[in-house]
Amino acid sequence: MSTQGKGALAEEALSEEAVESYLRAHPDFFERHLSLLEVLRLPHPSGVAVSLIERQMAVMRDKNRALERKLMDLVHTARENERLSQRMYQLALGVMEAESLDAVLAITQEQLRNEFRADVVVVRLCGDPAQGMHFMAEDGPAMQSLAHLFEHRRPMCGRLSDTQLHALFTAEDAPTVASAVAVPLMDGTRPLGFVALGSQDASRFHPGMGTLFLGYLGEIISHAVGGRLGQA
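Just so we're aligned, residue 1 is where the sequence shown starts under full-length UniProt numbering, counting upward by one.
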């Protein structure tokens, strides 16, 4: 064997000895480097317990449990989205069959209250307040407090200001609403008003919640309201 080969073997033996010596001097090494346990290959001798292998298995079990939780979360989200799709479908059928604006508003309020777990549901339309309780002046301070929603065309979720709450809900309901959703209604670029859902639960509607279905809701109600405003 050449001198170079002997040197390589000596270096390899020295490296293994150094590793063994280090591990003996630092028995908590794998506690601080748990990720290594996922890639190490270890024999499993019978007899006395082998703590390193047991710890390796424990790390893998924890990882599997985390993956199972993620999978269950995805399944739950998929099922909830399916239920929401069915509710949207029923709402769309209901408002399409409605014969008047009042019927559209009644169906919207009933279905959203029952199917979306909202304590209060209202629809506020731009117009002369003398036309009825559903109408509010477009240039009034109440409507102006929510005007930015028409610019962004996105729902607003979470805690609303007192002005916004009283713009959307009745004087009786506004103080009881701890969290809410305000969805802008538009006919092209023309503002129509808002549909609002309120809850006494402060965590029911929050800024981090998904707004995809709320956007669909706004489009459905906008089409139904826009086609019947002249009948009011």
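We put the beta carbon where it would ideally sit given N, CA and C, even for glycine.
Delimiting residues of the beta strand (DSSP E) encompassing residue i
i      : result
Leu185 : 179–187
Ser145 : Note, Ser145: premise wrong, no beta strand (DSSP E); not H, not E.
Leu125 : 120–126
Gly158 : 156–158
Backbone CA spacing between residue i and residue j [nearest angstrom]
i           : j      : result
Leu23       : Arg79  : 49 Å
residue 236 : Gly132 : A question about residue 236 goes unanswered here, because the residues of the chain that appear run from 1 up to 232.
Asp173      : Ser161 : 14 Å
Ser199      : Leu112 : 12 Å
Met209      : Leu101 : 30 Å
Gly158      : Asp201 : 11 Å
Phe29       : Glu54  : 15 Å
Met156      : Leu34  : 43 Å
Nearest-angstrom beta carbon gap, residue j and residue i [assumed within contact, 8 Å]
i           : j      : result
Phe194      : Ala182 : 5 Å
Gly226      : Asp187 : 4 Å
Pro184      : Arg153 : 6 Å
Arg228      : Val75  : The pair is not a contact, with the Cβ atoms about 40 Å apart (cut-off 8 Å).
residue 236 : Ala196 : The question about residue 236 has no answer here: the residues shown for the chain are numbered 1 through 232.
Residue i, enclosing alpha helix (DSSP H) - first and last residue
i      : result
Ala167 : 162–168
Gly198 : Segment 190–199 is the beta strand (DSSP E) holding Gly198; no alpha helix (DSSP H) there.
Arg113 : 101–115
Contacting residues, own chain, Cβ-Cβ under 8 Å from residue i (five flanking each side not counted)
i     : result
Met88 : Phe213, Tyr216, Leu217, Ile220
Ala49 : At Ala49 the pLDDT is 47, less than 50, meaning the model places this residue with poor confidence; the figure from the coordinates comes in the next sentence. Result list for Ala49: empty, nothing under 8 Å.
### Task
Please determine if the stretch 162–178 and the stretch 199–215 are in contact, where contact requires at least 3 C-beta pairs separated by less than 8 Å.
Enough Cβ pairs lie closer than 8 Å, so yes.
### Message
With a threshold of 8 Å, are at least 3 pairs of Cβ atoms found where one atom belongs to the stretch 113–122 and the other to the stretch 150–167?
### Response
Three or more beta-carbon pairs separated by less than 8 Å are not found between the stretch 113–122 and the stretch 150–167, which leaves the two stretches without contact.
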